[in-house]
Every structure is written in C-alpha cells, then in structure tokens.
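> So the number in this note's numbering is just where the residue sits in the sequence shown, counting from 1, plus 55.
One structure, pasted below without further comment.
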Amino acid sequence: MKTQELISTARLMVDNHKGILAMDESFPTCNKRFAKLGIPQTVETRRAYREMIVTTPGLGEFISGAILFDETIRQKTKDGIPMIKVLIDAGIIPGIKVDTGAKELAGHPGEKISEGLDGLRERLIEYYQMGARFAKWRAVIVIGEGIPSKASTIANSLTLARYAALCQEVGLVPIVEPEVLMDGSHTMERCFEVTEEVLHEVFNQLYIQGVLLEGMILKPNMIVPGLSCPKQESDNKVADATVNCLMRSVPAAVPGITFLSGGQTSELASARLNAMNVRFKSKLPWELSFSYGRALQQPALEIWLGKEANVPEAQKALHHRAKCNYAARCGEYNSKEIVRIAHQVKKEEN
Ligand code: 5MM
Numbered sequence: 056m057k058t059q060e061l062i063s064t065a066r067l068m069v070d071n072h073k074g075i076l077a078m079d080e081s082f083p084t085c086n087k088r089f090a091k092l093g094i095p096q097t098v099e100t101r102r103a104y105r106e107m108i109v110t111t112p113g114l115g116e117f118i119s120g121a122i123l124f125d126e127t128i129r130q131k132t133k134d135g136i137p138m139i140k141v142l143i144d145a146g147i148i149p150g151i152k153v154d155t156g157a158k159e160l161a162g163h164p165g166e167k168i169s170e171g172l173d174g175l176r177e178r179l180i181e182y183y184q185m186g187a188r189f190a191k192w193r194a195v196i197v198i199g200e201g202i203p204s205k206a207s208t209i210a211n212s213l214t215l216a217r218y219a220a221l222c223q224e225v226g227l228v229p230i231v232e233p234e235v236l237m238d239g240s241h242t243m244e245r246c247f248e249v250t251e252e253v254l255h256e257v258f259n260q261l262y263i264q265g266v267l268l269e270g271m272i273l274k275p276n277m278i279v280p281g282l283s284c285p286k287q288e289s290d291n292k293v294a295d296a297t298v299n300c301l302m303r304s305v306p307a308a309v310p311g312i313t314f315l316s317g318g319q320t321s322e323l324a325s326a327r328l329n330a331m332n333v334r335f336k337s338k339l340p341w342e343l344s345f346s347y348g349r350a351l352q353q354p355a356l357e358i359w360l361g362k363e364a365n366v367p368e369a370q371k372a373l374h375h376r377a378k379c380n381y382a383a384r385c386g387e388y389n390s391k392e393i394v395r396i397a398h399q400v401k402k403e404e405n
C-alpha cells in the first residue's frame, strides 16, 4: 500500500481551511438539473458547464479537490486543454466518482444499494494513471417506516469498505460517503439514531477490510430533520447533534470529515458548517469541512443557464460560495454579510 502518499493526499484534501467541490453528477442527475432550468441536455452543454466551473479564476484559493464524473475526466476545454490539467494547474487535486449508481436492493422495497465493484480495480488503475488522486463512492440510506433495514446498512457498509480497500491498493484516497437521505418527515433525533448506526457499521467494515483510516476521508450527511418534518431545528442544534453523533462513531485517526449538502440551501449548508466550527473546532480530532455539490454550484448554474455570455457572472457566484464555505471552516461565515453582498451584486446587475 502507498501509505505515505495516501496520508499526505488525505491531509492536503482537508488542510488550510479548503474544501472539496463535488461536480460528479451522473448523466441522469446532471440532465435533471439542466432540464429544470431549460438548459439543453447534451454532451456539449455538460462539457461547457464543467469548463465554466474548472476555469473559475481563484477557485484554488478555497477548493482543495474536485470530484469529477467519468465523462468530464476525459473532456477538454474549448481550447483543447484537458479538464484534469486545468484543475492541477489551479492547485486543485482531481478526484473521480466511481460508483455506478444506487439501484433497488433486492428483497427490500424502497432501499438502495450502490453498484460498481465489478472491474473497479482496472478502472481505478486507469484513473490514477490519468492523474486522479482520490475517488468517491456514495451509498444511499433511506429513512422510512421500518427502514433502513439491517440488510441495507450491512450491504452498503461492506460495499463502501471493499471500494475503499481497492482505492488504497492503487494509491487513491477513498472518500467514503454513506448518505442518510433528508427525504421524509422524520425528526432530527431519528436522523441521529440512523446515522450513528450506519457509521458504526461503516467503520466496523472498514476495519475488517483493513482500510487505512489515516488515508481516507468520510463524507457524511449532517444530522438534520427530514425535509417535510414540521419541526425544523436551529443551526446550533444541528451543529450540536451532528458533532455529538460523529464523536460517538468516527475514529480519531480519520483526518477529515467533509459533509455533503444533501439538498440544504447554500446558505444553510454554510451556516451549519460554520456553527460546528465555531462551537467545536478546537476540541475535535478531525477537520470539519465540506464536499458540497448543489450548495456550491446551484447559484452559478442558475446564472449560467447554458449561455457563454453568463460565464463570468456564474464564475463569480461559484467563487463566492467557495469563499463562504472556506469562511465557515474558519468559523467566520457571517450570513448577514453574505446577504448584503448578494444585494450588492443584484444592484450592480440592474
Ligand atoms: C449527495 O450527493 C453528493 C454531494 O452533493 P450535494 O452536496 O449536492 O448533496 C454528490 O457528490 C453526488 O454523489 C454526485 O452529485 C453524484 O450523484 P449521482 O446521483 O449523479 O450519482
């Protein structure tokens, strides 16, 4: 195992208050987001969109790594520069999503299992040769009546651990992403209970498979009430519940925890990360960071709309969200200030 390389890549991914940009939407997810805004869903629009992202001036000030989709890692900018080279030149470590999607779990209606282990070793070798230095696999856990089942928790945890071991064999840092979905009307307490159980199983399986904890990153959900739960919680309550849950279940050897945003607004995702760092930063064994997709990209996507003329403004919006989350890692995110800046941008536009 390339132990030293794994440890130093994992550290670089979470050091200096920078975070990870998830831009690894698969075809169905990316196309769905484009369709909602009337953007054509073609190879070329996806390429142009990803070019807008990776060429954002100054992105590397706040972003340590970017997770790419297979299509993107093979694409070039309109000037013929490979996307992966643009990232490396900007000081951003390229990563790659390697699960092939969440499918129905046999015998367990409503539950999911992520696929992609067959042939994974060969794919990982190719990605490493292309320049990727980390990978990501997302497992989906659904909360509902009588679920998640033990079957779903164990199957997804074992799959995450087998993926992580394969990554480390070739020198790629695995981002292990067990996502407990926000969909539903469950309470924050229920999300805590399920996430705690899932994380215990994930780390049990990682241990059994011999995964080097110092050479991996955990990408969990925050502890939040379901999206349709009538009782929503304050940022401080979410911060306390999330950190308490992680303290009970994540070994201190893990260098960093990079949250997914999971459907929270950009502002909430920043405010809650900020609250965690304000309240707990000095007491924690791991870095608390971000690996947001929608919470970083959505404002930029809504400005871009598939039009070349909108690229500079869209890039400003992405740069701004990256800066907000960098500030949240320092415990210095001030949403009022951010709202003021947003109004200022609107004024300048008019
Ligand atoms: C949970 O999704 C991950 C984080 O994104 P958000 O911050 O928007 O929740 C994200 O990396 C996700 O795994 C990718 O977008 C790929 O998702 P699909 O559904 O396309 O496999």
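Glycine included, each C-beta is placed from N, C-alpha and C at the ideal position.
Excluding the 5 residues flanking T214 on each side, which residues of the same chain have their C-beta closer than 8 Å to its C-beta?
Closer than 8 Å at the Cβ level, and outside the excluded window around T214, lie I168, S169, L172, W192 and A194.
> According to DSSP, is E368 helix, strand or coil?
In this structure, E368 counts as helix in the three-state DSSP scheme.
> State the DSSP-derived secondary structure class of L92, mapped to helix, strand or coil.
Coil at L92, not helix or strand.
> Buried or exposed: which applies to V231, given that a residue is buried once 16 or more other Cβ atoms fall within 10 Å of its Cβ?
Burial call: buried.
> Helix, strand or coil: how does DSSP classify P137 here?
P137: strand per DSSP, three-state reduction.
> Indicate, with yes or no, if the ligand 5MM has a heavy atom lying under 7 Å from the CB of L142.
Not so, every heavy atom of the ligand 5MM lies at least 7 Å from the Cβ.
> In the structure shown, what three-state DSSP assignment does K191 receive?
Note: K191 maps to strand in three-state DSSP.
> Assign S18 to one of three DSSP states: helix, strand, or coil.
Any question about residue 18 goes unanswered here, given that the chain covers just 56 to 405.
> Give every residue of the same chain whose Cβ lies closer than 8 Å to the Cβ of P306, excluding the five residues on either side of it in the sequence, and list them in chain order.
Closer than 8 Å at the Cβ level, and outside the excluded window around P306, lie F258 and L268.
> In three-state DSSP terms, what is I209?
Helix at I209.
> For L92, is the classification buried or exposed, using 16 other Cβ atoms within 10 angstroms of its Cβ as the cut-off for buried?
Exposed, by the Cβ-count rule.
> When the Cβ atoms of the segment 174-188 are set against those of the segment 134-152, are three or more pairs found closer than 8 Å?
Yes, they touch.
> Quick one: what's got a C-beta closer than 8 Å to K401's C-beta in the same chain, skipping five residues either side?
Confidence is the limiting factor: at K401 the pLDDT is only 41, short of 50, which leaves the residue's position unreliable and the question unanswerable from this model.
> Check K158 in the structure and name its three-state DSSP category.
In this structure, K158 counts as strand in the three-state DSSP scheme.
> V249 lies in the alpha helix (DSSP H); which residues open and close that run?
Looking at the DSSP string, the run of the alpha helix (DSSP H) that includes V249 is M243 to I263.
> Take P83 as the anchor and find which of A103, L67, F124 and S119 has the nearest alpha-carbon.
The option with the nearest alpha carbon to P83 is F124.
> Under the assumption that S325 contacts A369 (Cβ atoms under 8 Å), give the Cβ distance between them as a whole number of angstroms.
Wrong, their Cβ atoms sit about 19 Å apart, outside the cutoff.
> Using the rule of at least 16 other Cβ atoms within 10 Å of the residue's Cβ for burial, across every protein chain shown, is V394 buried or exposed?
Note on V394: pLDDT 47, under 50, position unreliable in the model; no value is reported.
> Looking at C-alpha atoms only, which residue of K131, S119 and R376 is the closest neighbour of I147?
Nearest of K131, S119 and R376 to I147, Cα basis: S119.
> In angstroms, rounded to a whole number, what distance separates the CA positions of H374 and E116?
Going by the C-alpha atoms only, they are around 9 Å apart.
> Going by C-alpha distance, which of I209, K133, Q352 and K205 is nearest I263?
Of I209, K133, Q352 and K205, the residue nearest in Cα terms is I209.
> Assign N71 to buried or exposed, taking buried as 16 or more other Cβ atoms, counted over all protein chains shown, within 10 Å of its Cβ.
Exposed, because fewer than 16 other Cβ atoms sit within 10 Å of the Cβ of N71.
> Kindly list the residues whose CB is nearer than 7 Å to the CB of I62, restricted to its own chain and excluding five residues on each side of it in sequence; keep chain order.
Within the same chain, I62 has close Cβ partners E269 and G270.
> If distances are taken between C-alpha atoms only, which option among E200, P233, Y182 and I272 comes closest to H241?
The residue with the shortest Cα to Cα distance from H241 is E200.
> Out of I108, N86 and N380, which one is the CA nearest neighbour of V98?
Measuring from the Cα of V98, the nearest candidate turns out to be N86.
> Tell me which same chain residues have a C-beta within less than 7 Å of the C-beta of K73, skipping the five on either side of it?
Taken in chain order, the residues that qualify are F117, I118, S119 and Y381.
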